[in-house]
Amino acid sequence: MIRITTTRTLHNLRLQREDAETRAATAYRHLRENVNQATREVQAATHRTSAAEEAVGRARAEYRQLLALAALVVVGADQRAREAEATADRFSTELNRLARAVHLAASRPVEVFIVLRDGRVHGVHATEHAAFKQAESDPDDPAPKDCWGDWSPGVDSPTGSRWRVLKVPVHGLFAAVQAEAAAVHGTAAGVHDARGAGGRDG
Numbered sequence: 676m677i678r679i680t681t682t683r684t685l686h687n688l689r690l691q692r693e694d695a696e697t698r699a700a701t702a703y704r705h706l707r708e709n710v711n712q713a714t715r716e717v718q719a720a721t722h723r724t725s726a727a728e729e730a731v732g733r734a735r736a737e738y739r740q741l742l743a744l745a746a747l748v749v750v751g752a753d754q755r756a757r758e759a760e761a762t763a764d765r766f767s768t769e770l771n772r773l774a775r776a777v778h779l780a781a782s783r784p785v786e787v788f789i790v791l792r793d794g795r796v797h798g799v800h801a802t803e804h805a806a807f808k809q810a811e812s813d814p815d816d817p818a819p820k821d822c823w824g825d826w827s828p829g830v831d832s833p834t835g836s837r838w839r840v841l842k843v844p845v846h847g848l849f850a851a852v853q854a855e856a857a858a859v860h861g862t863a864a865g866v867h868d869a870r871g872a873g874g875r876d877g
C-alpha cells in the first residue's frame, strides 16, 4: 500500500512539473514574440529617421549648388545674384533648423510599455494602447477595461492588482532597444532596475 501511494505521488509530481515546464516555455515564447514586435516597430522609427537624414544630405548638396550658381552670376546680373544669396541664406537657416530637429528626434528617448501579470513579464509594446489591449484581452484572466489607475513613479511600489504596465524610457532608438530587450530576455529583475520607469495598475 505504501509503495502504491508513493508511486502515485511521484507520478502526480512528475505531471505537475511537466505542466509547469510547458507553461514556462509558452510564456517565454510569448515574451520573445512581443519583444520582437516592439523591436520591429522601433526599427521602423529608426528607418524614418535615416530617411530624414538622407533628405538633409540631399538638401545640403542642393544648397552648395545654389551657392555655386550664385558665384557664377556675371556683372550686370547683380540684383539676381543678391536675390539668389538671400534665398540661399533663408534656405541655410531652414536647413539648420531641420538638421537640429532630426538630431533631436534621433536622441530623444522612446518609451516602451512592459505588461506584467502577477509580477512576471507578459508582453512588451511600443504604445500604451497596445499594452492595455493585451492585458484586457487576455484569454485566461483579462484585466478590467477602463479601470487603469494613474501612473505612479518607480516599479516596486506595492499593488494588489494582478496586472501592471511599466513605462520605461529607452534612449538611442534601435541600439538601446536591443539592450533593453536583452535585459527583458535575461531576467525580470532587469526590468525592475530600469531608471525613470513608471507603473500603472489595472
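The numbering used here puts the first residue of the sequence shown at 676, with every later residue one more than the last.
Cβ coordinates follow ideal geometry from the N, Cα and C atoms, glycine included.
- Message: Please tell me whether V843 and L706 are closer than 9 Å, where the distance is taken between their beta carbons.
- Response: Walking along the sequence shown from the start, residue 843 turns up at place 168. Walking along the sequence shown from the start, residue 706 turns up at place 31. No, the pair does not count as a contact, with Cβ atoms beyond the cut-off.
- Query: What residues in its chain sit with their C-beta under 6 Å from that of E803, if we drop five residues either side in the sequence?
  - Reply: Along the sequence shown, read from residue 1 onward, the residue named residue 803 stands at position 128. Result list for E803: F788, in chain order.
- Query: What are the complete beta strand (DSSP E) segments, minimum 3 residues, inside the region 764-817?
  - Reply: 785-792 and 795-800
- Just to confirm, are V845 and V710 a CB contact at a threshold of 9 Å? Taking the sequence shown and counting its residues from 1, one reaches residue 845 at position 170. Taking the sequence shown and counting its residues from 1, one reaches residue 710 at position 35. Result no, Cβ atoms of V845 and V710 do not sit closer than 9 Å.
- Measure the CB-CB distance between V785 and Q809 and report whether it falls below 9 Å. By 1-based counting over the sequence shown, the position of residue 785 is 110. By 1-based counting over the sequence shown, the position of residue 809 is 134. Not a contact, by the Cβ cut-off of 9 Å.
- Residue span of the beta strand (DSSP E) that contains W838, given as start and end: Translated into the one-based positions of the sequence shown, residue 838 becomes position 163. W838 to V845 is the extent of the beta strand (DSSP E) around W838.
- DSSP state of T684 mapped onto helix, strand, coil: Within the sequence shown, residue 684 is the residue found at index 9, counting from 1. Under the three-state reduction of DSSP output, T684 falls in the helix class.
- Message: Let me confirm a value: R792 is counted as buried when at least 16 other C-beta atoms fall within 10 Å, else exposed. Which label applies?
- Response: For the purposes of this step, residue 792 is taken as residue 117 along the sequence shown, with counting starting at 1. R792 is buried by the Cβ-count criterion.
- Task: For A806, I'd like the list of residues in its chain whose CB is within less than 6 Å of its CB, leaving aside the five on either flank, ordered along the chain.
- Result: As a first step, residue 806 is located in the sequence shown; it is residue number 131 there, counting from the start. Contacts found: F788, V790, H800 and V840.
- Item | Cβ distance (whole Å) where R733 is taken to contact L770 below 8 Å | Taking the first residue of the sequence shown as position 1, residue 733 is located at position 58. Taking the first residue of the sequence shown as position 1, residue 770 is located at position 95. About 11 Å; that fails the 8 Å criterion.
- Residue environment, A713, which counts as buried when at least 16 other CB atoms sit within 10 Å: Translated into positions along the sequence shown, residue 713 becomes position 38. Result: buried.
- Query: What do you reckon, are the CB atoms on L941 and A761 nearer than 9 Å?
  - Reply: Summary: the structure shown does not reach residue 941, with the chain confined to residues 676 through 877, and so no result is reported for it.
- Task: Report the residue from S725, D821 and C822 whose alpha carbon sits nearest the alpha carbon of L779.
- Result: Sequence index remark: in the sequence shown, residue 779 carries index 104 (1-based). Out of S725, D821 and C822, S725 has the C-alpha closest to the C-alpha of L779.
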